[in-house]
Amino acid sequence: MKVIERVFEDVNSVRADVYCAFAADISRSRAAALIEQGGITVNGREISKNVKLQAGDRVRIILPDPVEYKAKAENIPLDIVYEDDFLLVVNKPKGMVVHPASGNYEGTLVNALMYHCGSSLSGINGIMRPGIVHRIDKNTSGLLMVAKNDFAHSSLAQQIKDHTFTREYASVVYGNVKEDSGTVDAPIGRHPVKRKQMAVTAGGRNAVTHYEVVERLNGFTYLKLRLETGRTHQIRVHMAYLGHPVAGDDVYGPKKVISYLQGQCLHAKKLGFIHPKTGEYMEFDSELPQYFREFIERCKN
């Protein structure tokens, strides 16, 4: 671990991430990530990346030692919905982490993909996330896209950026959603205090979620949701912002969780995209998993 301490002496104010990138000789994106993780403080306090430094501010930068790790192949069964030479669509079970990270280096979807695909995975996202074009949370089940080469990865990533990528979710949320349908258009960014959480914030990135009531249950509402954008925890944050957190969400929901669910009742049900090679629009729909169906029945009874 390396610690860098500086006193900002410029008479002109400068964004914290810009200055820290220069002071530590790192990229601006890495400086921003360190700020979000609490590894950079100003005058002893955590900050946001767009805070502007003033003359006399004391900046402390903690650079963690690099971790050399390469994801390894593991023989883990996969529920593959579709596969060809360019991509595959996987139905991820609830409880499985998508890619290796601190505390979860084994048993992830990436470990399973490496065993199934060998070296045939895109490398754009690096050795820890081969093939991963987009993610869903550990306790969210459902369809996930995987790219087998960089050509397919670039095409699919651009579709997500252009909002032409169909992503439809099913969820059960707390309370009675009165409107039959609606849209939550509210920016999402890092929580100003709880740095591991996201929140609707004025300085966040544009985020749009469309919802439609499928069925009203006892104390809950079954929704169909369509993402126009794809921010971290977007549905969970937007539903909490709407006053109807996702059932079982132990981060954005009530303190008293629904232990039976073991996480949020959220399923990535439909996925649609233009095939990178053929130009054909393809769409896949998955059945609601058992935990989801059983929870609906419990709410009815």
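Residue numbers (my numbering): 70 to 370. Where is the CB? At the ideal position from N, CA and C, for every residue including glycine. Only a predicted model underlies this, so the values are computations on that prediction, with no experimental measurement involved.
Go through its chain and collect everything with a Cβ distance to MET308's Cβ below 6 Å, but skip five positions before and after it.
Sequence index remark: in the sequence shown, residue 308 carries index 239 (1-based). Same-chain partners within the cutoff: VAL242, PRO314, VAL315.
Report task. Compute the beta-carbon to beta-carbon distance between ASN208 and GLN359, rounded to the nearest angstrom, for a pair I have assumed lies under 8 Å. Result -> Taking the first residue of the sequence shown as 1, we reach residue 208 at position 139. Taking the first residue of the sequence shown as 1, we reach residue 359 at position 290. That belief does not hold up - the Cβ atoms of ASN208 and GLN359 are roughly 15 Å apart, past 8 Å.
Distance, Cα to Cα, PRO162 vs SER210?
Residue numbering aside, residue 162 sits at position 93 when the sequence shown is read from its first letter. Residue numbering aside, residue 210 sits at position 141 when the sequence shown is read from its first letter. Distance between the alpha carbons of PRO162 and SER210: 5 Å.
Would you check if there are 3 or more beta carbon pairs closer than 8 Å linking the segment 323 to 343 to the segment 222 to 242? yes
Practice item. Taking 8 Å as the threshold, find out whether the segment 99 to 110 comes into contact with the segment 142 to 161 through three or more Cβ pairs. Key: no
### Task
For chain D, find out if any of its Cβ atoms is closer than 8 Å to the Cβ of THR110; answer yes or no.
Considering every chain present, this structure includes no chain D. It has just one protein chain.
Three-state secondary structure (DSSP) of ARG129: On the sequence shown, residue 129 is found 60 positions in, with the first residue counted as 1. Strand.
In terms of residue numbering, what span does the beta strand (DSSP E) encompassing ILE257 cover?
For the purposes of this step, residue 257 is taken as the residue at position 188 of the sequence shown. Where ILE257 is concerned, the enclosing beta strand (DSSP E) stretches over 257 to 259.
* Asked: Between the Cα of HIS279 and the Cα atoms of LYS293, ARG127, ASP319, VAL269, which residue gives the shortest distance?
  -> Taking the sequence shown and counting its residues from 1, the one referred to as residue 279 is at position 210. Nearest option by C-alpha distance: LYS293.
Measure the beta-carbon distance from HIS168 to LEU157 and round it to whole angstroms, keeping in mind my assumption that it falls under 8 Å. Against the sequence shown, residue 168 aligns to sequence position 99. Against the sequence shown, residue 157 aligns to sequence position 88. Actually they do not touch by this definition, with Cβ atoms about 15 Å apart.
*Is the segment 122 to 129 in contact with the segment 182 to 194, if contact means three or more CB pairs nearer than 8 Å?*
no
**Report entry** Proximity below 8 Å, CB of ALA101 to CB of ASP79
**Finding:** What you label residue 101 is simply residue 32 of the sequence shown in a count that begins at 1. What you label residue 79 is simply residue 10 of the sequence shown in a count that begins at 1. Cβ atoms of ALA101 and ASP79: not closer than 8 Å.
_I need the DSSP call for ARG274, collapsed to helix, strand or coil._
Stepping through the sequence shown from its first residue, residue 274 is reached at position 205. Strand at ARG274.
Nearest residue (CA-CA) to GLY251, options ARG264, GLU281, ALA276, GLN228:
To locate residue 251, count along the sequence shown from 1; it is residue 182. With distances taken between Cα atoms, GLY251 lies closest to GLU281.
### Message
Given this structure, state the Cα-to-Cα distance separating THR270 from ARG75, to the nearest angstrom.
### Response
The residue labelled residue 270 in the question sits at position 201 within the sequence shown. The residue labelled residue 75 in the question sits at position 6 within the sequence shown. Those two C-alpha atoms are separated by around 30 Å.
Determine the direct distance from the alpha carbon of ASP154 to that of SER188, and round the result to whole angstroms. Sequence index remark: in the sequence shown, residue 188 carries index 119 (1-based). Sequence index remark: in the sequence shown, residue 154 carries index 85 (1-based). Those two C-alpha atoms are separated by around 12 Å.
Exposed or buried, what is GLY200 when buried is set at 16 or more other beta-carbons lying within 10 Å of its beta-carbon? The residue labelled residue 200 in the question sits at position 131 within the sequence shown. It counts as buried.
Item to check | Per DSSP, cross-strand counterpart(s) of SER240 | outcome: Along the sequence shown, one-based indexing puts residue 240 at 171. Beta-bridge pairing links SER240 to LEU292, LEU335.
Query raised in the report: Which word fits ILE98, buried or exposed, when buried means at least 16 other C-beta atoms lie within 10 angstroms of its C-beta?
Result: As a working mapping, residue 98 is identified with position 29 in the sequence shown. The amino acid at residue 98 is misidentified as Ile; the sequence shows Ser. When all chains shown are included, SER98 counts as exposed.
| query | Quick one: Cα of GLN58 to Cα of ALA124, how far? | reply | The structure shown does not extend to residue 58, since the chain spans only 70 to 370, so no value can be given for it.
Expressed to the nearest angstrom, what Euclidean distance is found between the alpha-carbon atoms of ASN119 and TYR151? Here residue 119 corresponds to residue number 50 of the sequence shown, with the count starting at 1. Here residue 151 corresponds to residue number 82 of the sequence shown, with the count starting at 1. Computed Cα separation, rounded: 42 Å.
* Asked: Helix, strand or coil: how does DSSP classify PHE415 here?
  -> What the structure shows of the chain is the stretch from 70 to 370, and residue 415 is not part of that stretch, so it cannot be assessed.
For ARG114 and ARG84, what's the separation of their Cα atoms in angstroms? Counting from 1 along the sequence shown, the entry for residue 114 is found at position 45. Counting from 1 along the sequence shown, the entry for residue 84 is found at position 15. Near 16 Å, if we compare the C-alpha coordinates of ARG84 and ARG114.
What would DSSP say about ALA268, mapped onto helix, strand or coil? Within the sequence shown, the letter at position 199 stands for residue 268. If DSSP states are grouped into helix, strand and coil, ALA268 belongs with the strands.
ask   = Using the beta-carbon count (16 or more within 10 Å), is PRO345 buried or exposed?
value = On the sequence shown, residue 345 is found 276 positions in, with the first residue counted as 1. Buried, because 16 or more other Cβ atoms sit within 10 Å of the Cβ of PRO345.
Helix, strand or coil for ALA140 per DSSP?
-> Within the sequence shown, residue 140 is the residue found at index 71, counting from 1. In the structure shown, ALA140 sits in coil (DSSP, three-state: anything other than H, G, I, E or B).
| If you count every other CB in all the chains shown that lies within 10 Å of the CB of ARG362, and 16 or more means buried, which is it? | Counted from its first residue, the sequence shown places residue 362 at position 293. Exposed, because fewer than 16 other Cβ atoms sit within 10 Å of the Cβ of ARG362.
- prompt: Is ASP318 buried or exposed, if buried means 16 or more other CB atoms sit within 10 Å of its CB?
  reply: Locating residue 318 in the sequence shown gives position 249, where the first residue counts as 1. It is buried - the Cβ of ASP318 has at least 16 other Cβ atoms within 10 Å.
Problem set entry | Cβ-Cβ distance between LYS139 and ILE196 below 8 Å | In the sequence shown, residue 139 corresponds to position 70, counting from 1. In the sequence shown, residue 196 corresponds to position 127, counting from 1. Cβ distance < 8 Å, so LYS139 and ILE196 count as in contact.
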